[in-house]
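All remarks here apply to the structure that follows.
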């Protein structure tokens, strides 16, 4: 229900985030019967007409799994990578929504949320992988949250945050070997900023948006 984004995996299968929010088609995105949400991550066989190979859900049915980004290897030497999933909370209680996580991670076998040290309004707008951490934009609290691993094989956890009014669109970029290289571009209401792999200011100065209103998502375009 409510397929939101898909990515191709190394084995040729497709991984799909199903937001699971019932909507009324005639009214666009009007939400209906949130107590019947059915959000999941599924794996489909792309070569056999979408055969279902697996389905995973979070314990909290009011967390909508929406945007995806591939991360680092789950364990050194393995092909399997972490999959980061940006979450959108749909709880009835305002406090439950405010405290809800904005990131879940999938290791190919299990799906789990990742906690933050403070409330992020339960809204992960976009997600990207910097090479060291998953960046999740949180426009309702005007910041980008970073979740990384302290070492090979260690679980992912909260790492840092960076303030930016209405931070939303994220795009990862490859580094060039310097610690302060830009690794993720972030679009906000007034500025576009480039942050390094750990969420700090990079060696590129912020740019003013001007009269342009940026969309919620973007991709890095490669020059021909």
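In the numbering used here, the protein residues as written are 15 to 238. Positions of the beta carbon are idealized from the N, C-alpha and C atoms, including for glycine.
Check: Do the CB positions of residue 159 and residue 116 come within less than 9 Å of each other?; Outcome: yes
Check: Taking all protein chains shown into account, do 16 or more other C-beta atoms lie within 10 angstroms of the C-beta of residue 98, making it buried, or fewer, making it exposed?; Outcome: buried
Check: Tell me whether residue 105 sits in a helix, a strand or coil according to DSSP, three-state version.; Outcome: coil
Check: Roughly how many angstroms lie between the CA atoms of residue 22 and residue 60, to the nearest whole one?; Outcome: 9 Å
Check: Could you tell me the alpha carbon to alpha carbon distance between residue 134 and residue 150, rounded to whole angstroms?; Outcome: 10 Å
Check: Go ahead and label residue 18 buried or exposed: buried means 16 or more other beta carbons lie within 10 angstroms of its beta carbon, across all protein chains shown.; Outcome: buried
Check: Please classify residue 141 as buried or exposed, where buried requires at least 16 other C-beta atoms within 10 Å of its C-beta.; Outcome: buried
Check: Use the C-beta contact count for residue 90: other C-beta atoms within 10 angstroms, 16 or more gives buried, fewer gives exposed.; Outcome: exposed
Check: Enumerate in chain order the residues of its own chain whose CB-to-CB distance from residue 212 is below 8 Å, with the five nearest sequence positions on each side excluded.; Outcome: 144, 146, 147, 160, 162, 173 and 174
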